[in-house]
Amino acid sequence: MIAVGLKSRLAGYCRPLYIVLAVLLCLSFWIILTYCTKAGQDSIKVYDLTWTYKTGEGSEVFRKWRYFIESKTNLPRKVQKYHKLAPEDDYILEETLRVDYPSADEIRLVIRDAGL
1 MIAVGLKSRL AGYCRPLYIV LAVLLCLSFW IILTYCTKAG QDSIKVYDLT WTYKTGEGSE
61 VFRKWRYFIE SKTNLPRKVQ KYHKLAPEDD YILEETLRVD YPSADEIRLV IRDAGL
């Protein structure tokens, strides 16, 4: 009877610990770096999302996607995709995706030309 009560009390203390560990694990995947660019003083936040997966042959592949987010609009400006085959290797850049958004004038022109 004492062991059952102790077990339930310990379970009550461990649950918050598991939640904290889960949150820390999630945060470890997102590394936030903030810097200001010199031109225009636009604040950009950089988020790194990293993960691993196993190929059909059983080898591990390490992946990283780096997102450059404009703080003012919360819109992505650029995404870089990386991979590496061993933990001690440096990441290899696979591709860079640049995102450009139309200006308000460009949108108005398209709407006007469409007759809307």
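If you're matching positions, the sequence shown starts at 1 in our numbering and goes up one per residue. Where a beta carbon is used, it is the ideal one built from N, C-alpha and C, also for glycine.
Buried versus exposed call for residue i [16 or more other C-beta atoms within 10 Å across all chains shown]
| i | result |
| --- | --- |
| R66 | buried |
As assigned by DSSP and simplified to three states, the class of residue i
| i | result |
| --- | --- |
| E57 | coil |
| E88 | coil |
| Y67 | strand |
| K45 | strand |
| T37 | Annotation note: pLDDT 41 at T37 (below 50); position unreliable, coordinate value reported separately. Coil at T37, not helix or strand. |
Where the beta strand (DSSP E) through residue i begins and ends
| i | result |
| --- | --- |
| V79 | L75 to K84 |
| L93 | I92 to R98 |
Span of the alpha helix (DSSP H), counted from its first residue to its last, around residue i
| i | result |
| --- | --- |
| L109 | A104 to A114 |
Margin query: Does the region 51-58 come into contact with the region 69-85, if we say contact requires no fewer than three beta-carbon pairs (one atom in each stretch) closer than 8 Å?
Written below: Fewer than three pairs of CB atoms, one per stretch, sit closer than 8 Å, so the region 51-58 makes no contact with the region 69-85.
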